[in-house]
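Before any comments, here is the structure.
Residue numbers (our numbering): 1 to 459.
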């Protein structure tokens, strides 16, 4: 088993070496994209600490590649800015202001905010500018997506995580005993949690459409079909209902965007689902459980605010709203700060700490709730705008450019991912890929505007 420090340096050197080769052959943009895509193969638990902050392989590769990009004579910072650009800038600013107000000044706050929000986003924004560069990066994404999917399938069938066999995993990242469903080990691959892994696969799916839409790649479309099937099977291998539901939402969204007759059908089904979820939330959630039994905490009865409530791992998604509602109402505009929500349960006021339910929940499994606790009401609003503006930008691009296929899929996947975030916190494992995807859409939008103005994005 390779020690974490050796694995970190080895992965960094290997990926940077490939980046340098691609840089010479294809320029700074494609090289940037290829380097980031390859970093998705590195397990999320392989990280080193510098200046008191953790740096995994993705962040480290992004720093090196962005530095090389800035120094390359063919690179440029191009405008105009897009809506996702403005939202990501607001998110980073809000992060800094919230933590400065709550915790006081520290250089680590500035570095953390940049590394958490801006760096992943701009790693995507400066990776592609046109369809040609998309097509150059797409084969690399297909290989990475295929490998990640195959690993997930092997893991669910054998119970062996190949990445854990090669690289030491930090204790406490994921509890194997709680990772079984139907007698199978849920695949977690390079992530610390099966849900995170499924989200990575979901967010990379739009790249398959690049190969399908390339008239010069008709002979390779069968490969794209195989990767598509493998990626869906890989997501199923995580046995994570949230991301699988997100995939269904993405497929439905794609159909709604492309074919008008489907809009009324999907709108009707969505309306019925929302109404039923509001009137019978527990019953609807029980339907999604599909007979899954939570091995250690199935159907317990806990007390919350003086009321006895039925509890299971699945029902935490409903109970957490009750558990954190008072804390959210009192979070104010800027929230309680990053340090207050770093551990679990969060070190914040207005929690029913005497309630057993708080301690049975292992995480705040709702990205919007956790962001609200961390950055307040402004944080929730700004964070919600990120998938929304990316969705809208992708829709506009699909209608006004020659990137209809990939942009429609990015819009659809954003809709699915935004829904899944109701069931999982915004972890860096997939958060980096999420922000990178937002940056990809933003970069394509800027390039499209330049093209309409008669400017060359490669100038």
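A virtual CB, placed ideally from N, CA and C, is assigned to each residue, including glycine.
I need the boundaries of the alpha helix (DSSP H) containing residue 85, first residue and last residue. Residue 85 sits at position 85 when you count from the first residue of the chain shown. Here the alpha helix (DSSP H) through residue 85 covers 83-103.
Could you tell me which of 115, 136 and 45 sits nearest to residue 34, measuring between CA atoms? Taking the chain shown and counting its residues from 1, the one referred to as residue 34 is at position 34. It is 136 whose Cα lies nearest to the Cα of residue 34.
Does DSSP put residue 54 in a helix, in a strand, or in coil? Within the chain shown, the letter at position 54 stands for residue 54. Reduced to three states, the DSSP call for residue 54 is strand.
is_contact[residue 333, chain D] using C-beta, thresh 8 angstroms: Checking the listed chains, one finds no chain D in this structure; it contains a single protein chain.
Simplified DSSP state of residue 453, which is helix, strand or coil: Along the chain shown, read from residue 1 onward, the residue named residue 453 stands at position 453. Note: residue 453 maps to coil in three-state DSSP.
Measuring CB to CB, does residue 189 end up less than 8 angstroms from residue 151? Taking the chain shown and counting its residues from 1, the one referred to as residue 189 is at position 189. Taking the chain shown and counting its residues from 1, the one referred to as residue 151 is at position 151. In this structure, residue 151 lies closer than 8 angstroms to residue 189 by Cβ.
Just the C-alpha distance for residue 404 and residue 444, rounded to the nearest angstrom, thanks. For the purposes of this step, residue 404 is identified with residue 404 of the chain shown, where counting begins at 1. For the purposes of this step, residue 444 is identified with residue 444 of the chain shown, where counting begins at 1. Residue 404 and residue 444 have their C-alpha atoms roughly 12 angstroms apart.
Does the separation of the CB atoms of residue 65 and residue 203 fall below 8 angstroms? Counting from 1 along the chain shown, the entry for residue 65 is found at position 65. Counting from 1 along the chain shown, the entry for residue 203 is found at position 203. Result no, Cβ atoms of residue 65 and residue 203 do not sit closer than 8 angstroms.
Could you tell me if residue 130 is buried or exposed, where buried requires 16 or more neighbouring beta carbons within 10 angstroms of its beta carbon? As a first step, residue 130 must be located in the chain shown, where it is residue number 130. It is buried - the Cβ of residue 130 has at least 16 other Cβ atoms within 10 Å.
Quick check on DSSP: helix, strand or coil for residue 7? Walking along the chain shown from the start, residue 7 turns up at place 7. The answer is helix: DSSP assigns residue 7 an H, G or I state.
Counting C-beta neighbours from all protein chains within 10 Å, is the total for residue 273 16 or more, i.e. buried, or is it exposed? Position 273 of the chain shown, counting from 1, holds the residue named residue 273. So residue 273 counts as exposed.
Exposure label - residue 343; buried when at least 16 CB within 10 Å: In the chain shown, residue 343 corresponds to position 343, counting from 1. By the neighbour-count rule (16 or more Cβ atoms within 10 Å), residue 343 is not buried but exposed.
Of the choices 90, 257 and 397, whose alpha-carbon is the least far from that of residue 451? Position 451 of the chain shown, counted from the start, is the residue given in the question as residue 451. Residue 397 is the option with its Cα nearest to residue 451.
Could you give the DSSP three-state label for residue 342: helix, strand or coil? Locating residue 342 in the chain shown gives position 342, where the first residue counts as 1. Note: residue 342 maps to coil in three-state DSSP.
Residues sharing a beta bridge with residue 48, DSSP: Mapped onto the chain shown, residue 48 falls at position 48. BP columns for residue 48 point to 55.
Compare the Cα-Cα distances from residue 428 to each of 103, 14 and 115 and report the closest residue. To locate residue 428, count along the chain shown from 1; it is residue 428. Out of 103, 14 and 115, 115 has the C-alpha closest to the C-alpha of residue 428.
According to the Cβ coordinates, are residue 350 and residue 327 closer than 8 angstroms? To locate residue 350, count along the chain shown from 1; it is residue 350. To locate residue 327, count along the chain shown from 1; it is residue 327. A distance below 8 angstroms separates the beta carbons of residue 350 and residue 327.
Note down the Cα distance separating residue 25 from residue 18, rounded to an integer number of angstroms. The residue given as residue 25 occupies position 25 in the chain shown. The residue given as residue 18 occupies position 18 in the chain shown. Whole-angstrom Cα-Cα distance: 11 angstroms.
Could you please give the first and the last residue of the uninterrupted alpha helix (DSSP H) stretch that includes residue 348? As a working note, residue 348 is residue 348 in the chain shown. It is not in any alpha helix (DSSP H) - residue 348 carries neither H nor E in the DSSP assignment.
Three-way DSSP call (helix, strand, coil) for residue 167 in this model: Here residue 167 refers to the residue found at position 167 when the chain shown is read from its first residue. DSSP places residue 167 in strand when its eight states are reduced to three.
Buried or exposed (CB count within 10 angstroms, at least 16 for buried), residue 176: Position 176 of the chain shown holds residue 176. Note that residue 176 has pLDDT 46, beneath the 50 cutoff, so the model's placement of it is unreliable and no number is given.
How is residue 460 classed by DSSP in three states: helix, strand or coil? Beyond the ends of the chain as shown, which are 1 and 459, falls residue 460; an answer cannot be given.
Is DSSP giving residue 184 helix, strand or coil here? Residue mapping note: residue 184 aligns to position 184 of the chain shown, counting from 1. Correct three-state label for residue 184: strand.
Straight-line CA distance for residue 395 to residue 98? As a working note, residue 395 is residue 395 in the chain shown. As a working note, residue 98 is residue 98 in the chain shown. C-alpha separation (whole angstroms): 32 angstroms.
Secondary structure at residue 2, three-state DSSP: helix, strand or coil? Taking the first residue of the chain shown as position 1, residue 2 is located at position 2. The answer is strand: DSSP assigns residue 2 an E or B state.
Name the two residues that bound the continuous alpha helix (DSSP H) containing residue 212. By 1-based counting over the chain shown, the position of residue 212 is 212. That run of the alpha helix (DSSP H) goes 208-213.
Are three or more beta carbon pairs between the stretch 141-159 and the stretch 38-47 nearer than 8 angstroms? yes
Should residue 73 go down as buried or exposed, given a rule of 16 or more other Cβ atoms within 10 Å for buried? Position 73 of the chain shown, counted from the first residue, corresponds to residue 73. Per the 10 Å Cβ criterion, exposed.
With DSSP as the reference, label residue 365 as helix, strand or coil. Translated into the one-based positions of the chain shown, residue 365 becomes position 365. Coil at residue 365, not helix or strand.
State the Cα-Cα distance for the pair residue 297 and residue 324, rounded to the nearest angstrom. Within the chain shown, the letter at position 297 stands for residue 297. Within the chain shown, the letter at position 324 stands for residue 324. Interpretation of residue 297 is limited by its pLDDT of 47, a score under 50 that renders its predicted location unreliable; the figure taken from the coordinates is listed afterwards. Residue 297 and residue 324: Cα-Cα distance of roughly 21 angstroms.
At what residue ranges does the stretch 390-428 contain a whole run of the alpha helix (DSSP H), taking only runs of 4 or more? 404-420
Quick one: any contact between the stretch 42-61 and the stretch 106-121, if contact means 3 or more CB pairs under 8 angstroms? yes
Coarse secondary structure for residue 243, derived from DSSP in three states: In the chain shown, counting from the first residue as 1, residue 243 sits at position 243. Here residue 243 sits in helix by DSSP.
Determine whether the beta carbon atoms of residue 242 and residue 201 lie at a separation below 8 angstroms. Locating residue 242 in the chain shown gives position 242, where the first residue counts as 1. Locating residue 201 in the chain shown gives position 201, where the first residue counts as 1. Going by C-beta atoms, residue 242 is not nearer than 8 angstroms to residue 201.
Close Cβ partners of residue 29 (< 7 angstroms) along its chain, the five nearest in sequence each way excluded: Counted from its first residue, the chain shown places residue 29 at position 29. Same-chain partners within the cutoff: 126, 127, 128, 129 and 133.
Whole-angstrom distance between residue 379 and residue 100, CA atom to CA atom: For the purposes of this step, residue 100 is taken as residue 100 along the chain shown, with counting starting at 1. For the purposes of this step, residue 379 is taken as residue 379 along the chain shown, with counting starting at 1. Taking the CA atoms as reference points, residue 100 sits about 15 angstroms from residue 379.
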